[in-house]
Amino acid sequence: MRSANLLNDFAFKYVFGEDCKEANDALKSLLTVFLERKVNSVAVKNSEIVKDYSKMKNPRLDLLVEFNDRTMVDLEMQLRQTKDNLPIRFSYYLARLHGSQQLEGKYYKQLKETIVLVFFNVNIIENDKMCNTFTLRNEDGLSFVEESQDRMKLRTIEMAKLDVNKPLEDMNEQEKMIYYFLNCHKGMDDSKIKMMIESDGVIQMLEKRVETISDDGWKKIIEDFQKLHENEERMELQLELEEAHKQVEEAHKQVEEAHKQVEEADKQVEQKNQEIKQMIQLMLANGMSLELISKSLSKSESEIMELVK
C-alpha cells in the first residue's frame with residue numbers, strides 16, 4: 017500500500033493544480049465529470065503550493081480555476097472541517113469568489129459565472145444525491161433570477177454518500193472518481209482500483225499523476241500539511257483567546273456600569289432623604305406633632321426621628 021492520499025489538501029492540489037499538461041488534463045476530466053459540462057480549456061490561477069504558513073489562515077482558495085469563457089471555479093477539498101461549520105464556509109467561499117470580479121467601468125450584466133465545487137466526506141444535505149447544486153431561491157424553491165442569468169452556483173459533492181460496496185460496473189463516472197479519491201492510497205491492492213486503472217482512461221490519467229508523488233515527496237507534503245494544520249490550530253487558539261479577552265473586558269465594563277448605576281441610585285436615595293428631612297424639619301418648626309407627621313409621610317415615628325438626627 018502506497019502513502020499518497022488524494023484526500024490531503026496538498027496532494028489534491030498537486031495532482032490537479034500543478035503547472036503541467038498532465039495535471040491540466042486531469043483537472044479538465046475532474047471538472048467535466050462533476051460539473052457535467054464539456055471542459056475544453058482551463059487555467060489554474062493559483063497553481064503554486066503556498067509556503068508562508070503564517071498566512072494560511074487568511075482567506076484562500078484551494079484551487080482557483082478559470083474556463084476559456086472566464087467562468088471562475090473554486091475547487092475545494094474539505095476533509096478536516098466539522099459538519100457544523102461547513103455550510104458557513106461554503107457560502108463565504110461563493111460570496112468571496114463572485115465579489116472578487118473587477119467591475120469598474122463595466123455593466124453588472126458583464127459579471128461572469130462563478131462556481132464553488134467542494135468535496136467533503138460527511139453528510140449534510142438530507143437527500144440521497146451525492147452531488148447537489150444550489151442557487152439563489154426563496155423558501156418555496158422559486159428562483160430569484162432566470163436560470164440563464166444565475167451566475168452564482170454552489171456544487172457540493174458528499175463523498176460519504178458513496179456506496180463503496182456497489183459493483184464497479186454499476187457505478188457512474190462520478191461514483192468511480194469518488195471511489196478512487198477515497199481509496200487511491202491502496203493502489204493495486206484494491207480490486208476495484210486495479211480494475212479502473214486497467215480499463216478506465218480517466219482513472220488511468222489520475223493514477224499517473226498520483227504515481228509521480230514519490231515517498232519522499234509524500235513525506236514533504238505531509239510535513240507541509242502538518243505545518244498548515246498546526247498553524248491553523250494556533251490561529252484558532254489565538255482567536256479564542258482574543259474572544260475570551262473581549263468577553264472579560266465586556267464583563268468588566270458591565271460591572272463598572274452596574275457600580276455606576278448603584279452609585280447613582282444611592283445618590284438619588286440620599287437626595288430624597290435630604291428632601292424628606294428638610295420637609296420634616298419644616299413641619300416640626302410649624303408646630304406639627306410627630307404623630308401627625310408620621311401619618312402624613314407613612315413612616316414610623318422612629319424612622320422620622322432617625323431622619324432628623
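If you count the sequence shown from 1, position 276 lands on 292 in my numbering, and the numbers rise without skipping. Backbone N, C-alpha and C define an ideal beta-carbon position, used for all residues, glycine too. Source: prediction; values computed, not measured.
- Following the DSSP letters along the chain, one finds Val49 inside the alpha helix (DSSP H) bounded by residues Lys37 to Leu51.
- Each of Leu79, Phe50, Lys54 and Glu52 was checked against the Cα of Ala39, and the nearest Cα belongs to Leu79.
- DSSP places Arg86 outside any beta strand (DSSP E), giving it a letter other than H or E.
- For Ile131, the uninterrupted beta strand (DSSP E) segment begins and ends at Thr130 to Phe136.
- Residue environment for Met168: buried (at least 16 other C-beta atoms within 10 angstroms of its C-beta).
- Scanning Phe83, Thr172 and Lys283 for the CA closest to the CA of Thr151 turns up Thr172.
- For Ile229, the three-state secondary structure derived from DSSP is coil.
- The C-beta distance from Lys208 to Leu184 rounds to 5 Å, short enough to fall under 8 Å.
- Here the alpha carbon of Asn181 sits roughly 15 Å from the alpha carbon of Met212.
- Secondary structure at Arg250: helix, using DSSP grouped into helix, strand and coil.
- Check the Cα spacing between Asp144 and each of Asp179, Glu129, Asp156 and Val132: the tightest is with Asp179.
- Checking the DSSP bridge columns, you'll see Cys147 partnered with Ile173.
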